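A short write-up of the structure that comes next.
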Amino acid sequence: MTIQVQTGLLWGVEGRLVTVEAERSKGIPFFDLVGLADGAVREAKVRVPRAVEASGYAWPRRRITVNMAPAHIKKEGSGLDLPIAIACMAESLKMVDGRLDGLVALAELGLDGRLRGVQGLLPVVEAAKRSGLRRVLVATENAREAALVEGIEVHAFETLRSLFLWLEGKGESQSFAFLPELSSQTSKDCFSEIRGQELAKRAATIAAAGAHHLLLSGPPGCGKTMVARRLPGIMPPMTPAERLEVLRVASVTGKIAHDVSARPFRSPHHSVTSAGLVGGGRPLRPGEATSAHGGVLFLDEVGEFRRHAIESLRQALEEGRLSLVRAEGVMELPARFILVAATNPCPCGYYGSEQRGCRCSPPTVARYQERMSGPLMDRIDLHVLLDAPSSKQVLGQTETNAEPSAVMAQRVDGARCIALERQGCANGDLGARESLALALGDPGINDFLCQALDRHLLSPRGLCRVLRVSRTIADLEGSQHLHLNHLLEAMNFRPMTPRNVLASAA
Ligand SMILES: [Zn+2]
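Last residue of the sequence shown: number 1413 in the numbering used here, and the count goes up by one each step with no gaps.
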C-alpha cells in the first residue's frame, strides 16, 4: 500500500508542489529515500524516525521506501521532514477518513518531536492553492505566514504528537483562516527630521513618484543615508499584488517575521559579491536586489563596489527582474526597486561645497567621478549634489517647517496614479522611444531641446533622462502638458559628467 502526502519546494521565489509517497513492505527493517534528495532532505532519514519515537509512536519495523516526485527536481531543504513522517506513519495511525485529502504539509522536525518553521513557506502555500489544495499543516511559528493566503485553512501544531493525534481525530489543531496583516507597524523615519537639503528632498519626491533611480553626491555626514532611508516611506502604497510579492521574497529570505508592512530598504556593504547582490549559492538564495524588490536598494560609497557586482545589476535595472541560469533551468527572480547610489563627489568629499573648499585637483575629481560611469550611471535619471549642513542648520537655528513624509507621500501617490493611467507604468520605466515621444507636439519644447542638443548641453541619452524626469515633475504638478519650467527643473538633475566638472572648475 502506498500513501501519498503533498508538500512543496522552492524554485527561486516560486513554490512547486512535490508528492511524497511511502511504501512499506516486509523484510529487514530499512529506510530509504529516493528522488534526487539533497543534503538536508537525506538527513530526514535520521530526524524522522527519532522524532516519531520521541512522540510516543513506534517506528515501523518494516522495509520503507520513500519516493519524492517529480523525480527530476532536486529536493532541498528540511521542510520535507513532516510529509515524510506522515507518509511513513499513515498505515500505523488510525486516521480519520479523508484527513489527508486536499492537504499539503511542510515543517522541519526536531529530534524531540517538535515542529519547526521553514523559510519560504508562503510561495508553497500559494502553489498549493493554485493546485486546488485547501488545507495546510505547518509548525505554529509558520501559522501566520500561511494564513496570508486567502482561501486556505491553516492547521498549526507545536509537536508531531499533537499532529498525529489530530489525524487520528483525538486532538485539536490550532486553526487559522485568512489573516491579511502580519503587522501594522509603519516606519518611524520621517523626512521632517532632515534639516535643509531641500534639493535632495525634492529629488526624493520625484524619484518616488516616477520610480527614477537616484544618485546622491556630497560630503560625508551631509545626510545621504538619511534621505535614502526615508525614500521607501514616501513611495506609493503597495497594491495587494505587490504586497504579496514583497511578502513572498521576505518569506524566502527568512525576513517575514520582521516588519514587512513597509516597502523594503536594503543597504548592502560595498564588499558584497555579485552572488550576494543578484543571488546565487546552493541551495540558491535570492540576493539583495531581490530583497529590495518593491522598495529601495541603497548602494553607499558606490565607487567602492566591485565592478563585476555592479554590472550584474544591469538586467535588474533594465527589466525589473533577474534570470539565473542553473543546471535545472532558468530561474526568474523579481528585482524591481529604486536604486539610490551615494558617493562623495571627490576624494576629499567637498567638491562643489559652499561650506568648505575642495583640496582636489580638477583631474583628480574627474578621475574619481569616472569610476562610477558605466551601466549603472546610464540608468540613473536624477543626480543631486548635496552640501554639508551649515553651522546654523547644525545648531538648529534655522526655521524648521520641513514637510513630513506623509504629506510628501500624498503628492507622490497622486503623480504616480496619473502616470499609470496614461501609460500603464511609472515614468522611470519608460524606454528611450517612449521617453522621446513625451516631447512631441509642443514646438516650443522641441526648439529648446534642439538647441540644447546642438550646443552639446545634452547628449541623446541625457535627453531621454531629462524628458522622463520632466514628465514626472509635470505629473507632480498635475499638469497634463509638459512645459518649459518642467524641463528646466529636470535639467538641474542631469549628471555631473567629468567634462562639466572640469569646465566649472576652470
Ligand atoms: Zn575634493
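Note that CB positions come from ideal geometry on N, CA and C, so glycine has one too.
A quick note: this is a predicted structure, and the numbers were derived from the prediction, not measured.
- Distances between the C-beta of Cys1129 and the heavy atoms of ligand 1 are all 6 Å or more.
- Within 6 Å of the C-beta of Tyr1275 there is not a single heavy atom belonging to ligand 1.
- Relative to the non-hydrogen atoms of ligand 1, the Cβ of Cys1255 comes within a distance shorter than 6 Å of at least one.
- Judged by the Cβ position, Cys1097 fails to qualify as a neighbour of ligand 1 at the 6 Å threshold, every heavy atom of the ligand being at least this far.
- Contact check for Ile993 against Val912 passes: the beta carbons are separated by less than 7 Å.
- With a cut-off of 6 Å, the C-beta of Cys1265 is classified as near ligand 1, since at least one heavy atom of the ligand falls inside that distance.
- Between Ala1169 and Ile1163, the gap from beta carbon to beta carbon reaches 7 Å or more.
- In this structure, Gly1186 sits near Pro1193, with a CB-CB distance shorter than 7 Å.
- Around the beta carbon of Ala1234, fewer than 16 other beta carbons sit within 10 angstroms, so the residue counts as exposed.
- Three or more beta-carbon pairs separated by less than 8 Å are not found between the region 1076–1084 and the region 1286–1298, which leaves the two stretches without contact.
- Taking 7 Å as the cut-off, the beta carbon of Ser1312 is found closer than this to the beta carbon of Gly1140.
- Scanning its chain for C-beta atoms nearer than 6 Å, with the 5 sequence neighbours on each side dropped, one finds around Ser1069 the residues Gly1078, in chain order.
- Looking at Val1209, Leu1240, Leu1122, the one whose alpha-carbon comes closest to that of Gln1222 is Leu1240.
- Runs of the alpha helix (DSSP H) lying entirely within the region 931–1002 and spanning at least 4 residues, in chain order: 946–949, 951–961, 988–996.
- Contact annotation: Leu1040 and Gly1009 have beta-carbon atoms nearer than 7 Å.
- Within the DSSP bridge table, the entry for His1062 names Leu1044, Ser1082 as partners.
- Residue pairing by DSSP places Ser1230 opposite Glu1239 in a beta bridge.
- As the crow flies, the alpha-carbon of Leu1154 is around 42 Å from that of Arg969.
- Taking a cut-off of 8 Å for Cβ pairs, the region 967–985 and the region 1052–1061 do not touch, as fewer than three such pairs fall below it.
- In its chain, beyond the 5 residues on either side, Val1373, Val1376, Ser1377, Ile1380 have a beta carbon closer than 7 Å to the beta carbon of Ala1397.
- Around Pro1143, the same chain offers Val1319, Asp1320, Arg1323 as residues with beta carbons nearer than 7 Å, after the five sequence neighbours per side are excluded.
- Contact between the region 978–985 and the region 1000–1008 is absent: fewer than 3 CB-CB pairs across the two stretches fall below 8 Å.
- C-alpha of Leu1383 to C-alpha of Ile1113: approximately 8 Å in a straight line.
- Judged by DSSP secondary structure, Gly915 falls within the beta strand (DSSP E) whose first and last residues are 909–918.
- Distance from the CA of Glu1218 to the CA of His1120, rounded to the nearest whole angstrom, comes to 16 Å.
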